[in-house]
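According to numbering that gives the first Met the number 0, the sequence shown is numbered sequentially starting from 0. The beta-carbon is built from N, C-alpha and C at its ideal position, and this holds for glycine as well. This report refers to the structure that appears directly beneath it.
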Amino acid sequence: MDEFGAEKLPADPEAYQELLKRWGLDDDTLGITKLRADLEHSETEVPGDTDASGEAEAEEVAEPDAESESSEEPVSEAEQVDVDSDVGLDFLDDADQGVVAAEVSRADRKQRRRWLRRSLLALGVVLALLLGTAGFYLVVGLQALQGIKRDPGLMPTDDGYQTVPATIDGPLNFLLMGSDSRNPDERGRSDTLMIAHLNASRDTLYLISLPRDMYVDIPGHGKNKINAAYAFGGPRLTVKTVQNIIGTRIDHTAMIDFEGFVGLTTDVGGVTVFNEIESTNLGFNFPRGDITISGEEALAYVRQRYDLPHGDFDRAARQRLVVKALILKLLKPATVANPATFNAVATKLGGYLTVDNKLTNELIWNLATDLNIKSARDIRQIQAPIARGATIKGSSVLIVNEERMAALAKAIRDDNLEAYWTQYGAD
Numbered sequence: 000m001d002e003f004g005a006e007k008l009p010a011d012p013e014a015y016q017e018l019l020k021r022w023g024l025d026d027d028t029l030g031i032t033k034l035r036a037d038l039e040h041s042e043t044e045v046p047g048d049t050d051a052s053g054e055a056e057a058e059e060v061a062e063p064d065a066e067s068e069s070s071e072e073p074v075s076e077a078e079q080v081d082v083d084s085d086v087g088l089d090f091l092d093d094a095d096q097g098v099v100a101a102e103v104s105r106a107d108r109k110q111r112r113r114w115l116r117r118s119l120l121a122l123g124v125v126l127a128l129l130l131g132t133a134g135f136y137l138v139v140g141l142q143a144l145q146g147i148k149r150d151p152g153l154m155p156t157d158d159g160y161q162t163v164p165a166t167i168d169g170p171l172n173f174l175l176m177g178s179d180s181r182n183p184d185e186r187g188r189s190d191t192l193m194i195a196h197l198n199a200s201r202d203t204l205y206l207i208s209l210p211r212d213m214y215v216d217i218p219g220h221g222k223n224k225i226n227a228a229y230a231f232g233g234p235r236l237t238v239k240t241v242q243n244i245i246g247t248r249i250d251h252t253a254m255i256d257f258e259g260f261v262g263l264t265t266d267v268g269g270v271t272v273f274n275e276i277e278s279t280n281l282g283f284n285f286p287r288g289d290i291t292i293s294g295e296e297a298l299a300y301v302r303q304r305y306d307l308p309h310g311d312f313d314r315a316a317r318q319r320l321v322v323k324a325l326i327l328k329l330l331k332p333a334t335v336a337n338p339a340t341f342n343a344v345a346t347k348l349g350g351y352l353t354v355d356n357k358l359t360n361e362l363i364w365n366l367a368t369d370l371n372i373k374s375a376r377d378i379r380q381i382q383a384p385i386a387r388g389a390t391i392k393g394s395s396v397l398i399v400n401e402e403r404m405a406a407l408a409k410a411i412r413d414d415n416l417e418a419y420w421t422q423y424g425a426d
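Spelled out as structure tokens, the structure:
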């Protein structure tokens, strides 16, 4: 298939058709050839309308007598419009109801056929454009799916949670990870760690931040900050650590690197968030209020934790805000319905992500078609509960509120996070 950047994307229907043909989506595969044949067939005369010489056959129409004509109520202009609106629809009637047809003149029938042909032709043009555009979106979408990198090493295989049969129709837990190492040959630590819980009805997504300084048990390594799990054992150990915290399986894992994050916010034209705390970081100023950020500015915004009153809490809150804004931006008509923007985002999105090998194209497609998230209210933000800060072995850590964490874990397992969110909110 041809590779197109946003600047090369055709901007008119005829160019789209040429592009689709180069991708093998011609009129036959789109069903337009058959539609055209049906329309041409509709142009032919109905047998019996003309005699052998082409002259019209005379129609015997019952003439109303004078008495019935004089007693007929005059038809108003509004009623006449209603009558005319049925022109061309009598072909849906049963054959036994031919009396009405017999009372219509031949000229009216010709007018009806012309009206029907024009309607079908107009409908055909609309269908052709829709099918062509749908073909374009389908191909670009498939290209994006093919571009997603898959790594079988993201998920653990030696723990009890992963032996539980996966479900397709029930709730799903995704672990979103972002590494703070910009060198692909270095492991680094997980700078961003977030559970994305999609409920079974597919109409609400919960983003649960796990602060990087959470002091938790890391299997085989004792107590440490949660982001150390990535340094000790990569994504697999990180998944194990999170599963032990919530007491249920992580179904899928997605990783996004910093450069990918920068590119994604740029491709969607920036994201707008409400910034609670005025700050400055890496040369960028973030005033309080609505701000639109992209690229390096967005990266500076989500990485900042120093000079913020609540440190890692504020950092995690910013990360959730930007992820939420990204999701909503990707779902907006301005992104999806604009072919140039859709092409730019879809063709690059796959290059920013690495997912586990069980998150197949078919599963992603099914999830996308089942998704029923309509507005910002359908994406909830939750912070993992923290009791207090502490210093252990000279390092600042966050001590987990065990009682609240147990309630959060149960809400995840029971797919009842709405009740938890209602009671505790984002904090």
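Could you spell out where the beta strand (DSSP E) holding residue i opens and where it closes?
| i | result |
| --- | --- |
| Leu-204 | 204 to 208 |
| Gln-380 | 378 to 382 |
| Thr-421 | Per DSSP, Thr-421 belongs to no beta strand (DSSP E); it is in the alpha helix (DSSP H), 416 to 423. |
Pull up the CB-CB distance for residue i and residue j, whole angstroms please, since I reckon it's below 8 angstroms.
| i | j | result |
| --- | --- | --- |
| Met-176 | Thr-156 | Not quite, the Cβ-Cβ distance comes to about 18 angstroms (not below 8 angstroms), so this is no contact. |
| Gln-318 | Ser-208 | 7 angstroms |
| Ile-244 | Val-215 | 6 angstroms |
| Pro-170 | Ala-195 | Pro-170 to Ala-195, Cβ: 11 angstroms. No contact. |
| Val-270 | Ala-324 | 4 angstroms |
Check for me: the alpha helix (DSSP H) holding residue i runs from which residue to which?
| i | result |
| --- | --- |
| Thr-340 | 338 to 351 |
| Asn-371 | Careful: Asn-371 lies outside any alpha helix (DSSP H) and carries neither H nor E. |
| Asp-311 | 311 to 330 |
| Arg-302 | 294 to 302 |
Tell me residue i's beta-bridge partners as DSSP assigns them.
| i | result |
| --- | --- |
| Ala-389 | Val-396 |
| Arg-149 | Val-354 |
| Asn-274 | Gly-288 |
Under 9 angstroms between C-beta atoms, does residue i make it to chain D?
| i | result |
| --- | --- |
| Pro-170 | In the structure shown, chain D cannot be found, because there is only a single protein chain. |
Under the three-state reduction of DSSP, which class applies to residue i: helix, strand or coil?
| i | result |
| --- | --- |
| Glu-54 | Bear in mind that the predicted position of Glu-54 carries a pLDDT of just 43, short of 50, making it too unreliable to give a figure here. |
| Met-404 | helix |
| Gly-288 | strand |
| Leu-174 | strand |
| Val-267 | coil |
| Thr-359 | coil |
| Thr-279 | strand |
| Arg-412 | helix |
| Tyr-305 | coil |
| Thr-156 | coil |
| Asp-168 | coil |
| Ser-75 | The predicted position of Ser-75 is uncertain, since its pLDDT is 43 and thus under 50; a value taken from the coordinates is nonetheless stated next. Looking at Ser-75 - three-state DSSP - the assignment turns out to be coil, as it is neither helix nor strand. |
| Leu-8 | Reliability fails at Leu-8, whose pLDDT of 42 lies under 50, so the model's placement of it is uncertain and the value that follows must be treated cautiously. Coil. |
Cβ of residue i within 8 angstroms of any heavy atom in the ligand ADP?
| i | result |
| --- | --- |
| Val-241 | By its list of ligands, the structure shown contains no ligand whatsoever, and the ligand ADP lies outside what it can speak to. |
Taking the runs of the beta strand (DSSP E) that are 3 residues or longer, which of them lie wholly in the region 189 to 264? Runs of the beta strand (DSSP E) inside the region 189 to 264: 189 to 197, 204 to 208, 214 to 217, 221 to 224, 251 to 255.
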